[in-house]
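Peer 1: By the working numbering, the letter at position 72 of the sequence shown is numbered 1092, and the numbering carries on one by one without gaps.
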Amino acid sequence: MKPWRVLNSTALLDRWPWLRVWQDRVRLPNGLEIADFYRIEMPEWVQIFALTAEGRVPMVEHYKHGGGMTSLELPAGYIEPNEAPEQAARRELHEETGVEAAEWRYLGRYFLDGNRGCGASHIFLARRARQVRAPHLDAGEIMQLRWLTLAEVRAAWLGGHIRNLGILAGVGLALGALEADHAANTRGSSG
């Protein structure tokens, strides 16, 4: 599919590095023009599904003011300027949980809202994780570290304890990757 052509773009709100709201005048490939298509530009972020050798996953529970509720979440955070996604993921995991991991796998970059933008998330699976120190949180990060088994993570994922759609997707991708790896290892050892 061909992309839309932006004919004009006006910033309606600019509070970068947190967000920008744009009003675009666009032309679709079929010639139709839309005079007021609104986009929300936000920084990209990372989320990390870390797994220890003992099968435990560090997650954080905290109040999310945008949603007005407490949510169980993966360690996550914004990518800083000139920072590679994996570098940001390693930093966020270490800051929020005190955990480091020996093995990293990139699961992809996904947008949150295809119509409005709202940033994109880079999702990582970190294996052979281990806690090396206590979490080091910023003053505005009020959260509790929770260590869950894979069964508990799956139950939270399916049971509504994870309220953030982006985190739901990250957990699902990581669980799927782990299951695919397990199935491949099982086939490899039996054949």
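Ideal Cβ positions, reconstructed from N, Cα and C, are used throughout, including at glycine.
Determine the DSSP secondary structure at residue 1053, reduced to helix, strand or coil.
Peer 2: Position 33 of the sequence shown, counted from the start, is the residue given in the question as residue 1053. Residue 1053: strand per DSSP, three-state reduction.
Peer 1: When burial is assigned at 16 or more other CB atoms within 10 Å of the CB, is residue 1117 buried or exposed?
Peer 2: Position 97 of the sequence shown, counted from the start, is the residue given in the question as residue 1117. By the neighbour-count criterion, in which a residue is buried when 16 or more other Cβ atoms sit within 10 angstroms of its Cβ, residue 1117 is buried.
Peer 1: Report back the beta-carbon spacing between residue 1112 and residue 1147 to the nearest angstrom; my notes put them in contact at under 8 Å.
Peer 2: Working through the sequence shown from its first residue, we reach residue 1112 at position 92. Working through the sequence shown from its first residue, we reach residue 1147 at position 127. That belief does not hold up - the Cβ atoms of residue 1112 and residue 1147 are roughly 17 Å apart, past 8 Å.
Peer 1: Quick one: what's got a C-beta closer than 6 Å to residue 1186's C-beta in the same chain, skipping five residues either side?
Peer 2: Along the sequence shown, read from residue 1 onward, the residue named residue 1186 stands at position 166. Excluding positions up to five away in sequence, the list reads 1132 and 1141.
Peer 1: When the Cα of residue 1072 is compared with those of 1042, 1086, 1203 and 1145, which residue comes out closest?
Peer 2: Within the sequence shown, residue 1072 is the residue found at index 52, counting from 1. Of the candidates 1042, 1086, 1203 and 1145, the one whose C-alpha sits nearest the C-alpha of residue 1072 is 1145.
Peer 1: Where does residue 1094 fall in DSSP's three states?
Peer 2: Here residue 1094 corresponds to residue number 74 of the sequence shown, with the count starting at 1. Coil.
Peer 1: Between 1138, 1107, 1189 and 1051, which has its C-alpha nearest residue 1039's C-alpha?
Peer 2: If you number the sequence shown from 1, residue 1039 lands on position 19. Nearest to residue 1039 by alpha-carbon distance, out of 1138, 1107, 1189 and 1051, is 1138.
Peer 1: So, does the region 1044-1059 touch the region 1084-1094, judging by three or more C-beta pairs under 8 Å?
Peer 2: Under the 8 Å Cβ criterion, the region 1044-1059 does not count as touching the region 1084-1094, having fewer than three qualifying pairs.
Peer 1: Compare the beta carbon distance of residue 1063 and residue 1022 with 8 Å and say whether it is the shorter of the two.
Peer 2: Taking the first residue of the sequence shown as position 1, residue 1063 is located at position 43. Taking the first residue of the sequence shown as position 1, residue 1022 is located at position 2. With respect to residue 1022, residue 1063 sits apart: the two C-beta atoms are not nearer than 8 Å.
Peer 1: Could you check the C-alpha separation between residue 1045 and residue 1026 for me, to the nearest Å?
Peer 2: Residue mapping note: residue 1045 aligns to position 25 of the sequence shown, counting from 1. Residue mapping note: residue 1026 aligns to position 6 of the sequence shown, counting from 1. Distance between the alpha carbons of residue 1045 and residue 1026 is about 6 Å.
Peer 1: Among 1119, 1103 and 1125, which residue has its Cα nearest to the Cα of residue 1166?
Peer 2: Here residue 1166 corresponds to residue number 146 of the sequence shown, with the count starting at 1. Out of 1119, 1103 and 1125, 1119 has the C-alpha closest to the C-alpha of residue 1166.
Peer 1: Are the region 1154-1173 and the region 1066-1085 in contact at 8 Å, needing three or more beta carbon pairs?
Peer 2: yes
Peer 1: For residue 1084, which beta-bridge partners are listed by DSSP?
Peer 2: Against the sequence shown, residue 1084 aligns to sequence position 64. Paired residue(s): 1089.
Peer 1: Could you pull the start and end residues of the beta strand (DSSP E) that residue 1137 belongs to?
Peer 2: Looking up residue 1137 in the sequence shown gives position 117. Where residue 1137 is concerned, the enclosing beta strand (DSSP E) stretches over 1137-1151.
Peer 1: Based on Cα-Cα distance, which residue from 1129, 1130 and 1107 lies nearest to residue 1121?
Peer 2: To locate residue 1121, count along the sequence shown from 1; it is residue 101. Checking every option, the nearest Cα to that of residue 1121 belongs to 1107.
Peer 1: Judging by CA-CA distance, which residue of 1180, 1179, 1205 and 1162 is the nearest neighbour of residue 1084?
Peer 2: Walking along the sequence shown from the start, residue 1084 turns up at place 64. Taking only the C-alpha atoms, the option nearest residue 1084 is 1162.
Peer 1: Helix, strand or coil: how does DSSP classify residue 1178 here?
Peer 2: Here residue 1178 refers to the residue found at position 158 of the sequence shown. Residue state, collapsed to three classes: helix.
Peer 1: What's the gap between the Cα of residue 1184 and the Cα of residue 1102?
Peer 2: Taking the sequence shown and counting its residues from 1, one reaches residue 1184 at position 164. Taking the sequence shown and counting its residues from 1, one reaches residue 1102 at position 82. Cα-Cα distance, rounded: 27 Å.
Peer 1: What did DSSP end up calling residue 1205 once you bin it into helix, strand or coil?
Peer 2: On the sequence shown, position 185 is the one that residue 1205 refers to. Three-state DSSP puts residue 1205 in a helix.
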